[in-house]
Structure formats: C-alpha cells, structure tokens
Amino acid sequence: ISTIRDESDRNGMRIVYVLKRDAIPNIVLNKLYKYTALQSSFSVNNIALVKGRPQLLNLKELILHFVEHRHDVVVRRTKYELRKAEERAHILEGLIIASDNIDEVIALIRASSNADEAREKLVERFKLSEIQAKAIVEMRLRQLTGLEQDKLRSEYDALLETIKDLKDILDKKDRRMDIIKEELLVIKDKYGDERRSVIEYAGGDLSIEDMIPDEKVVITISHAGYIKRTPLSEYKTQNRGGVGQKASTTRNEDFLEDLFVGTNHQYMLFFTQKGKCFWMRVFEIPEGSKTSKGRAIQNLINIEQDDNVKAFICTQDLKDEDYINSHYVIMATKNGQVKKTSLEQYSRPRTNGINAITIKDDDMLLEAKLTTGESQVMLALKSGKAIRFEEAKTRPMGRNASGVRGITLAHKDDEVIGMVTINNPQEETVLVVSENGYGKRTYIDDPEDGEPVYRVTNRGGKGVKTISITEKTGNLVAIKSVTDDDDLMIINKSGIAIRMEVKDLRTMGRATQGVKLINLKGNDSIAAVAKVMKDDDEDVNDDDQSTDNESNNDVGTTLDTNENDNNN
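Terminal number for the sequence shown in my numbering: 569, no gaps in between.
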C-alpha cells in the first residue's frame, strides 16, 4: 500500500487504498479483510444442553437438535392428548350405558342408602368401572334429556376419530415432521419480520499460492544456516569428472552443506540436529539465483542459534487424514539410533516447533525420510560400512521417544553419515561418495539371480563393507538410493557444484573404491550430495561444455561473475 485516502462524505463512507506497482489488488484486499477492521467477525459460543450435557454446537447441529427437541415435544403432547381422549371416551361409554338404561339406573340409585353403595351396585349390575360408576352417580338431571343424550353420542363418536388420528400420528414419523413444519410456519407468520442483515457469499480468498507456479526448485542450506530456493532449470547437466558450475556465493568461512529438491506447492517439514521439527510451505522460502547468498533460517523459522536444519520432508497435504495416517517419518542419528513416527503427529505445527525425537547430549539428528511403513532402510558409516534391514523391524513411537539401535559403530570416532529408504531393490542402486570426490553405484540385489548384494539383517548389527576406504578416497560422506532416471548434484565446501546423470556411472562391487566424480582443488572436500529428478523439458546436455568421460579433466563453466561469462 502506497497511500490511503479518506473520501467519506455525507453520502457515506469511502476509503481509497493506492497500491504500489507490483502489488496484487485481490491479495492486498484479502489481507486487509484478514488483518484489519475492514471486515469484522463476531463469534458465538453456541453451548447447549444435549441429553443433559453441555455441548458446543455449530449451526447445522443446532438445527438438528432443535428439530429433535420439537419432535419430542410433539410426541409427548400427542401421548398426553391420546391419554385424555381415551379417559373421556371411557367415561362417555359409561354415561351412554346409563342413558340406555335410565329407568333401572334411577331405581338402583334411589334404592341405595349412600353414593358408595350406589357405585358398587352400578359396577356389579352393568359391569362398569369405578370411574364410570362415579360419573353416572354425579350426572346431573339435565343430562337425561334427549338433546343431552344426543350430545353424548356425538362427543363419543368424535373422540373415537380423535383417538384414531392421534394413534396414527404416533405411528408415522412423517406426520410428526409435518406437524413441526406447520407449527413453525404459524410462528413465522405471527412473529416473523423482514431480515435486517444481508447475507452475501464471499468471493473466496486469492492466496499467494494461486499466483505461484508449482515448479521444481532446488533448496540449498549453507553451514552457517542460510537458505534459498532456486528453479531447477538453472542447473545444467555435466559429465562425470567436471569441475562444475558456481552453485552459490557464500559468506566468509561458510559453505553449502545441504541441498534438497521439491516443488513450490508442497508442504515441508524441517528437522533440526537437536530433534525439533518445523512446518513451512516451499514457496515461503525466499527465492534466489544460484549465486545469491540466501536468507538466514532463523528469520524464517523460530530455530535456536546453535541448532541447524539437517533434513526436510516434502508432503502432499498434511490435512488429508488418510494420507497422514498411512505414512511415517523414519529418522536416523549420528550415533546410529533410528526411530519411526506416524506422519499424523507432525500435522499440527507450532510456531516454536515440536519435538520430533529426543536427542542425547553426544548425538544429533542426521536424516529423516517419508515412508509408507513397508520400505527397507540402509544406514552407512563414515568407516565405509552399511547395514540393510526391514523398516517393519522398527515399531512406531511417539514424538518424544529417542528411538532404537539401528547400527553399531565400528569405533569411537565412527559415525553414521546417511540413511536411505529402499522401495524397489531390483530397480534401485546405492550410490556412495567419499570426501575426496570418489564414488560409485552398487546393486542392492543382483539383477541376474536376485540374490542380495547387501544382505537383509536385523537392525543393530555392524553392517557390511559398501566402499573401500583409503587415504586417497577419504572417509565416506554420503549414501543415496538412485536409478538411471536420476541426476546427481555434488557440492564441495568452496561452493562449486557439478550435476551429472547417474546412468553415466557404471555399477561396481561393494568392496571397490569407485571412480573420481569431481576434481577438487587444494584441501577442498565434498560438502553435500543430492539426487535430482530428471526434467524432460530441460536441455540436460550443453554442447559447449561436453567432455570426454574418460579424461576426467573437464573444467566446467564458472557462472558467478560477469567477467567469466564474457570470457566463455
């Protein structure tokens, strides 16, 4: 909003909002409705007694219980009227019997010494009830006239019709509902007046999400905690062994540590090394170019200064009960603990985050993956070993649990460097990368005979060798589950990134050390590795940057300065 003008006069109120050039009017209007007094709402605490218990009701429930109450009223009233009609009809039957035998009745009463004796003789003679006999004794002389006797018979016949009608009402619910409608219409005609408020249908909020395309983006997080999202199309594929393109400009002594891929409209769960979880939409992350520094995560989520985001999960819809109850989050810590929790427990975000896992003092959360509960899990150690076990071996736990043992460390300086979940062991391969830029792919199950290359064991074991660790390769730093349809993104600590096709990496045995994936200069080492889904619309082969895979000496194009762009 640039300016606000009050143009109200004697004809009414008028407020003019002058917007800046890049503003979207509908979004500004919706925010004014939401955050200012331009539109006010009044809440009603609709508490009523339902079957004797106080209950908060919405409008539909309120109408439902009111109709049920009116139905009960109609039933009770009809039963009361039926009882009274039957009682009156019973008395009339006695009076009619007396009128038909009036001479005998009079003689019997005259021969009695008192009223009680007269009632007893009437009951015995005419088989009457006590109530009928009492009514006959108390009958006045005028009721003996012919006109009065005709009235008795007419009243009796009318009562029989009334009794028949009342019983029909009690037998048929449709009739009872019709009575409720008729009575409400009578009340409306008698007390109703014109509506003094106007009901208008809202045009619907035009959210920021409606304005943002659901495109693939790369989310990068630096060691110092700076985050940004960049369109995936800005990254081009290069061949194995290249030096790569400039992926980010980082601050002094900072480097890129994590790289993720998602889409703008997805929901994101951020998991920190201290075991906290934060909730955000991908499009809420500030957008930046490949060379921009990004924004501090502390400015986006309420994270502690000594905490860092270690993993995130993209989900479809955290309000879909079927979805969140059929998916799980499985986590791994640096010391080899694993834990599985239902996704439903992360569907109610809080500003200050929620506890995802209880972390011990000498441990930290390393990975978090979304599963359906039927996957296999692989954990890899810095020492080059890996373990494979069924996810079902880990039972679901609450958010505050610390998990169970997933793998046993080889020595006190060893630690878990990554976790992957496997859904199709016949199609997926394991990709491992060492800190000096060596890497390889290995089959999970042998494609020829189906025998497991990584045998399935119980969780908590020591694992098997997944790469041969030497001084040349350095320690293992990453493990990923990949297929030929994936691309690979590798970033070193100096901020240089290379993207390559996974299908260009040949599959090797578990005990081998792999091949050179990226040339490192000086004391540089690998900071982060991520797999990237291939985009069919993207031109993944740049002819000007094509190389001979066997030479491994291609120097990629540096894109971080205009000078380099002009030189190329």
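Built from N, CA and C at the ideal position, the CB exists for glycine as well.
At least 9 Å separates the beta-carbon of residue 302 from that of residue 371.
DSSP places residue 98 in the helix class (H, G or I) of the three-state scheme.
Looking at the DSSP output, residue 270 bridges to 280, 314. Cβ neighbours of residue 464 within its own chain (closer than 6 Å, five residues either side excluded): 386, 387, 388, 408.
Per the Cβ contact rule, the stretch 122-141 is not in contact with the stretch 171-190 (fewer than 3 Cβ pairs under 8 Å). Under the DSSP assignment, residue 188 falls in the alpha helix (DSSP H) whose first and last residues are 174-192. Around the beta carbon of residue 348, 16 or more other beta carbons lie within 10 angstroms, which makes this residue buried. DSSP lists 330 as the bridge partner or partners of residue 371.
In this structure, residue 79 places its C-beta atom within 9 Å of the C-beta atom of residue 171.
In the DSSP annotation of this structure, the continuous segment of the alpha helix (DSSP H) that includes residue 104 starts and ends at 103-112. Note: residue 19 is bridge-paired with 4 in the DSSP secondary-structure output.
Per the C-alpha coordinates, the member of 308, 108, 71 positioned closest to residue 174 is 71. A residue is called buried when at least 16 other Cβ atoms come within 10 angstroms of its Cβ; residue 64 does not meet this threshold and is exposed. In this structure, DSSP gives residue 455 a state outside helix and strand, which the three-state scheme calls coil.
Less than 9 Å divides the Cβ of residue 222 from the Cβ of residue 295. Between the stretch 326-344 and the stretch 352-366 there are three or more inter-stretch CB-CB distances shorter than 8 Å, so the stretches are counted as touching.
By DSSP's assignment, residue 136 forms no beta bridge with any residue. Residue 479 places its beta carbon less than 9 Å from that of residue 529.
The C-beta distance from residue 210 to residue 284 rounds to 7 Å, short enough to meet the 8 Å contact threshold. Between residue 311 and residue 367, the C-beta gap is smaller than 9 Å, which places the two residues in contact.
Residue 265 places its beta carbon less than 9 Å from that of residue 213. According to the DSSP secondary-structure assignment, residue 125 is paired through a beta bridge with no residue. Here residue 28 carries a helix assignment [DSSP, helix/strand/coil]. Annotation: residue 462 to residue 432 spans about 21 Å, alpha carbon to alpha carbon.
Per DSSP, reduced to three states, the secondary structure at residue 444 is strand. Per DSSP, reduced to three states, the secondary structure at residue 63 is helical. Residues of the same chain with a CB within less than 6 Å of the CB of residue 129, apart from the 5 flanking positions on each side, are 95, 123 in chain order.
Relative to residue 100, the option among 84, 134, 116, 83 whose CA is nearest is 134.
Bridge pairing for residue 433: 441, 480 [DSSP]. Non-local beta-carbon contacts of residue 427 in its own chain, meaning distances under 6 Å to residues more than five positions away in sequence, involve 446 in chain order. Listed in chain order, the non-local C-beta contacts of residue 511 below 8 Å within the same chain comprise 443, 454, 455, 465, 466, 467, 468, local neighbours out to five positions each way being set aside.
Under DSSP, residue 493 shares a beta bridge with 527.
Only residues of its own chain outside the window of five on either side were considered, and among them 48 have a CB closer than 7 Å to the CB of residue 55, listed in chain order. A direct Cα-Cα distance of roughly 22 Å separates residue 9 from residue 31. Leaving aside the five residues that flank residue 475 on each side, the residues in its chain whose CB is nearer than 8 Å to its CB run, in chain order, 435, 436, 437, 439, 526. By alpha-carbon distance to residue 309, the top candidate from 28, 316, 299 is 299.
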